[in-house]
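Under our numbering, the first residue of the sequence shown is numbered 2, with each subsequent residue one higher. Glycine included, each C-beta is placed from N, C-alpha and C at the ideal position. Model, not experiment: these values are computed from the prediction. Below is one structure, written out as structure tokens; comments come after it.
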Amino acid sequence: MAIRVTAKELRVFSTKRPMGPILFQDLGLQPANGVEKIDGNRPFEVISQEVLPDFDADAIFVVVNRDDKAKAAFKQLQETPIWKDLKAVKGKHVYIINDQPWLDYSALGNKMAMDEAEKMFTK
């Protein structure tokens, strides 16, 4: 599962571009519960933090916008009991990633994301 934290929103990415093909095709990961139900015409759905447990994700890839308000929003999320109780958090399978190359629509961006994934998973 992949999420994006902005100053005002928490978004979960769908199985579509930009994140879906990298996670679920190239890396062969299984979508978390409900990810496949997200509207296929949109790359993400805005959610509340209260529904994060419903996804029951084994791993969470997190893109935090670069502005200070988004960083503060993520820090605040990390301090909540909801976040701390997530399976991926308890299992130490939360991966903070940059928007580039993961959200790039190019073949080069895809390759760079795959290279980053290899480094993350071999640590």
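Contact check, Phe25 vs Pro32 under 8 Å by CB: the rounded distance?
About 6 Å separates the two Cβ atoms, so the contact holds.
Cβ neighbours of Thr81 in the same chain (closer than 7 Å, five flanking residues each side left out)
If we look at Thr81 and ignore the five residues flanking it on each side, its Cβ neighbours are Gln50.
Figure out for me which residue from His94, Val95, Tyr96 and Asn111 has the closest Cα to the Cα of Val102.
Note that residue 102 is Pro in the sequence shown, not Val. Selection His94, Val95, Tyr96 and Asn111 evaluated against Pro102 yields Asn111 as nearest (Cα-Cα).
For the candidate residues Ala60, Glu46 and Gly21, whose alpha-carbon lies nearest to that of Val95?
That would be Ala60, whose Cα lies nearest to the Cα of Val95.
Trp84 Cβ short of 6 Å to the ligand NAP heavy atom set
By its list of ligands, the structure shown contains no ligand whatsoever, and the ligand NAP lies outside what it can speak to.
For a quick check, are the C-beta atoms of Asp100 and Val63 less than 7 Å apart?
The answer is no: Cβ separation not under 7 Å.
Evaluate Ser107 with the Cβ neighbour count: other Cβ atoms within 10 Å of its Cβ, from every protein chain shown; 16 or more gives buried, anything less gives exposed.
Classification of Ser107: exposed, given that the 10 Å Cβ count is below 16.
Just mark Ile97 as buried or exposed, buried being the case when its beta carbon has 16 or more other beta carbons within 10 Å.
Label assigned to Ile97: exposed.
Which listed residue (Phe122, Asp116, Leu104 and Phe45) has its alpha carbon closest to that of Glu10:
Residue Phe45 holds the alpha-carbon nearest to the alpha-carbon of Glu10 among Phe122, Asp116, Leu104 and Phe45.
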